[in-house]
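Residue numbers (our numbering): 315 to 927.
Positions of the beta carbon are idealized from the N, C-alpha and C atoms, including for glycine.
Being a predicted model, the structure only gives us computed values, none of them experimental.
Structure, as structure tokens:
This is the structure:
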């Protein structure tokens, strides 16, 4: 695997490929500048500020730092560092692109990634390409172009020889959004997105310890047995156990797959007459209008009882009196005359109320009709700070999960306001660092705070203020620098041990998706289980004798792979069917979601695998 980049995503991706998938990785980065770094909170988002962190990256990279294209020997951890000023033909050839299985281009500049992708496709038409592009529409065209070039150069699509000359275009925002949404909901970013669902692996205590026996969607593993002191033994986890192994597991903790879902109160969608009326007028004005209507009804009933006329005529005469239309009650009873005077007085009181309603409606149509305010009494929602590129994607994902959201944005021209307006999500316009803004978003009754603005200091200040208002609030903040995110997480966790705190950089959240794409389009993600890894893949049954024509029970191979769900979609979106009976026969036209170990997936797909299973 070859990874080329100029920021933290490249380092994180290299570590993910090596640590999770056990691949041999070459990392190509620009020459690092050995300068003193400014304080992390005010550090500029430039490549040079990040590249001098090579020696402290999670993968333990090494290099010599000289020349336009230089390479270091392969360290024991399996990651080879190479420094190059730009990913030109010489640099890509030196990195071994001609012999590589996959190449990831994750530079912060779209043009650099596209130029390098065209060069790499020419050097190796059978290469699997993963590009980081911010322009989504351009990315679709580039993906089609590079796939077509690979097909023409190789004479057809890959045919099971271990190569997959596909092109995948990803963006940071699209890949990080599901993890951020899941973190706000459940407190974990280890999620799998497939078929419109978010899935997570959770540990269930043994039934003897008072744990729940609910199996979830599937049992993935049995953790290592513990001794009397509560320490793990040397046996290691059992991945993809069969039913007998689960029954005989005794006091071993199980890892099950379950869907990330929201079970709290739903946010009113604002549709219908009454929600529209409530959004148009303030609460005080609504009560004033209701009081005036009650007075009119009371006067009409009183006129009907006093005079004995028909109720409709009584209501009509009351309205005439209310609007001062000349019909004096001369020569009529005293009660009728008194009611006429009271109706005229009510009409005088109605005039300012109607004027206020007109003025408020005009102002509402100018501003608030397009951006809803948080409804009174709202609770259990997620407060989302920032509607930029990341925030907009997170908002869309949260609403797909039917999670109530209140957004806070300081820029009235932010790109995400149109999305919030379309989804009818309440928005508070204001600087989140100013007092009263978070209170307007009902932070004291919120389920979680998700701070994803582009300024680290703003995110940190908002989280600290929210914790001062409500110490037990679950907070998730996006921080650009991974080291800074770790330091903030440890400090907040120590200060508030009973509250859930997560601080993540976008590169930390995006790297798993990029790594999965490098392994092939069928790889959906991976979950670590102690020191081992379970992979999840979408596989076409046709062409795999281990699956085709077999029942689900016969296709299951303990410790290697297990069919989890059937994809029944006919269009572009997935539709997964869970709880397949063991007697269901897998047809060559079926597409299934399965969990597998590294060794099992390599055997199933006919690929090589490293020494670690």
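Stretch-stretch touch, CB-based, cutoff 8 Å, three pairs: the segment 323-341 with the segment 812-825:
yes
Buried/exposed call for residue 343, threshold 16 Cβ in 10 Å
In the chain shown, residue 343 corresponds to position 29, counting from 1. Residue 343 is buried by the Cβ-count criterion.
Please list the terminal residues of the continuous beta strand (DSSP E) segment that includes residue 445.
For this step, residue 445 is matched to residue 131 along the chain shown. 442-446 is the span of the beta strand (DSSP E), which, as asked, contains residue 445.
What separation, rounded to the nearest whole angstrom, lies between the Cα atoms of residue 331 and residue 337?
In the chain shown, the residue the question calls residue 331 occupies position 17. In the chain shown, the residue the question calls residue 337 occupies position 23. If I take the Cα positions, the gap works out to 6 Å.
Which first and last residues belong to the alpha helix (DSSP H) in which residue 465 is found?
Start at 1 with the first residue of the chain shown, and residue 465 comes out as number 151. 450-468 is the span of the alpha helix (DSSP H), which, as asked, contains residue 465.
Quick one: residues in its chain with C-beta nearer than 6 Å to the C-beta of residue 697, no 5 flanking neighbours on either side, listed in chain order?
By one-based count along the chain shown, residue 697 stands at place 383. Excluding residues within five positions, the ones whose Cβ falls inside 6 Å are 720, 755, 757, 760, 763.
Could you tell me the alpha carbon to alpha carbon distance between residue 269 and residue 852, rounded to whole angstroms?
No answer is possible for residue 269: the residues shown for the chain start at 315 and end at 927.
Do you know how far the Cα of residue 850 is from the Cα of residue 769?
Counting from one through the chain shown, the residue named residue 769 turns up at place 455. Counting from one through the chain shown, the residue named residue 850 turns up at place 536. If you take the alpha carbons of residue 769 and residue 850, they lie about 35 Å apart.
Meets three-Cβ-pair contact criterion under 8 Å: the segment 831-842 and the segment 503-519:
yes
If you scan the segment 397-441 from start to end, which runs of the alpha helix (DSSP H) of 4 or more residues do you find wholly inside it?
403-408, 424-437
Within 10 Å of its beta-carbon, does residue 845 have 16 or more other beta-carbons around it, so buried, or fewer, so exposed?
As a working mapping, residue 845 is identified with position 531 in the chain shown. Classification for residue 845: exposed.
So, residue 410 versus residue 339, is the Cβ gap smaller than 8 Å?
Residue mapping note: residue 410 aligns to position 96 of the chain shown, counting from 1. Residue mapping note: residue 339 aligns to position 25 of the chain shown, counting from 1. Not a contact, by the Cβ cut-off of 8 Å.
Under 8 Å, with one C-beta from each stretch per pair, do the segment 709-717 and the segment 486-497 reach the 3-pair mark?
yes
Suppose the cutoff is 6 Å on Cβ atoms and the five residues either side in sequence are ignored; what does the same chain contact list for residue 621 look like?
Taking the chain shown and counting its residues from 1, one reaches residue 621 at position 307. Around residue 621: 650.
Could you tell me the boundaries of the beta strand (DSSP E) in which residue 817 lies?
Position 503 of the chain shown, counted from the start, is the residue given in the question as residue 817. Residues 815-818.
If I'm right that residue 865 touches residue 815 with Cβ under 8 Å, what's the distance once you round it to whole angstroms?
Here residue 865 is taken as the residue at index 551 of the chain shown, counted from 1. Here residue 815 is taken as the residue at index 501 of the chain shown, counted from 1. Their Cβ separation, rounded to whole angstroms, is 46 Å, which puts residue 865 and residue 815 out of contact at 8 Å.
Count the other CB atoms within 10 Å of the CB of residue 436; is the residue buried (16 or more) or exposed (fewer)?
Looking up residue 436 in the chain shown gives position 122. In this structure residue 436 is exposed. Its beta-carbon is surrounded by fewer than 16 other beta-carbon atoms within 10 angstroms.
Can you list the alpha helix (DSSP H) stretches of 4 or more residues lying completely in the segment 866-924, in chain order?
Qualifying alpha helix (DSSP H) stretches, in chain order: 866-869, 912-919.
Could you pull the DSSP bridge partners for residue 841 from this structure?
One-based indexing of the chain shown puts residue 841 at position 527. BP columns for residue 841 point to 848.
Measuring straight from C-alpha to C-alpha, what distance separates residue 883 and residue 889?
In the chain shown, the residue the question calls residue 883 occupies position 569. In the chain shown, the residue the question calls residue 889 occupies position 575. Distance between the alpha carbons of residue 883 and residue 889: 5 Å.
Other residues of its chain near residue 364: CB distance less than 6 Å, five sequence neighbours each side excluded:
Stepping through the chain shown from its first residue, residue 364 is reached at position 50. Confidence at residue 364 is low in this model, with a pLDDT of 33, below 50, so its placement is unreliable and the value that follows should be read with caution. Same-chain partners within the cutoff: 321, 322.
Backbone secondary structure at residue 623 - three-state DSSP:
As a first step, residue 623 must be located in the chain shown, where it is residue number 309. In the three-state reduction of the DSSP assignment, residue 623 falls in the coil class, being assigned neither a helical nor a strand state.
Rounded distance between the beta-carbons of residue 790 and residue 780, thought under 8 Å
As a position in the chain shown, residue 780 is number 466, starting the count at 1. As a position in the chain shown, residue 790 is number 476, starting the count at 1. Residue 780 to residue 790, Cβ: 11 Å. No contact.
Beta carbon of residue 685 nearer than 8 Å to that of residue 628
Within the chain shown, the letter at position 371 stands for residue 685. Within the chain shown, the letter at position 314 stands for residue 628. Not in contact: residue 685 and residue 628 (Cβ atoms no closer than 8 Å).
May I ask you to list the residues that DSSP assigns as paired with residue 615?
Taking the chain shown and counting its residues from 1, one reaches residue 615 at position 301. Answer is none; residue 615 lacks a bridge partner.
First and last residue of the beta strand (DSSP E) that includes residue 339?
The residue given as residue 339 occupies position 25 in the chain shown. First-last of the beta strand (DSSP E) with residue 339: 339-343.
Helix, strand or coil: how does DSSP classify residue 667 here?
Position 353 of the chain shown, counted from the first residue, corresponds to residue 667. Of the three classes helix, strand and coil, the one that applies to residue 667 here is helix, per DSSP.
Looking at residue 418: is its Cβ nearer than 8 Å to the Cβ of residue 317?
In the chain shown, residue 418 corresponds to position 104, counting from 1. In the chain shown, residue 317 corresponds to position 3, counting from 1. In contact: residue 418 and residue 317 (Cβ atoms closer than 8 Å).
4-residue-minimum alpha helix (DSSP H) runs that sit fully inside the segment 739-771, ordered along the chain
751-754
To the nearest angstrom, report how far apart residue 408 and residue 552 are at their CA atoms.
Translated into positions along the chain shown, residue 408 becomes position 94. Translated into positions along the chain shown, residue 552 becomes position 238. In a straight line, the C-alpha of residue 408 is about 41 Å away from that of residue 552.
Between which two residues does the beta strand (DSSP E) carrying residue 788 extend?
Counted from its first residue, the chain shown places residue 788 at position 474. That run of the beta strand (DSSP E) goes 788-792.
Counterpart residues of residue 572 in DSSP-defined beta bridges
Locating residue 572 in the chain shown gives position 258, where the first residue counts as 1. DSSP lists 514 as partners of residue 572.
Supposed close pair residue 874, residue 914 - CB separation, criterion 8 Å
To locate residue 874, count along the chain shown from 1; it is residue 560. To locate residue 914, count along the chain shown from 1; it is residue 600. At roughly 3 Å, the Cβ-Cβ gap stays under 8 Å, so residue 874 and residue 914 are in contact.
How about residue 631 and residue 617: are their beta carbons less than 8 Å apart?
Locating residue 631 in the chain shown gives position 317, where the first residue counts as 1. Locating residue 617 in the chain shown gives position 303, where the first residue counts as 1. Yes, Cβ-Cβ distance for residue 631 and residue 617 is below 8 Å.
Starting from residue 710 and walking both ways along the alpha helix (DSSP H), at which residues does that stretch end?
Counted from its first residue, the chain shown places residue 710 at position 396. Looking at the DSSP string, the run of the alpha helix (DSSP H) that includes residue 710 is 703-714.
Hey, out of 773, 635, 687, 399, whose CA is closest to residue 662's CA?
In the chain shown, residue 662 corresponds to position 348, counting from 1. Out of 773, 635, 687, 399, 635 has the C-alpha closest to the C-alpha of residue 662.
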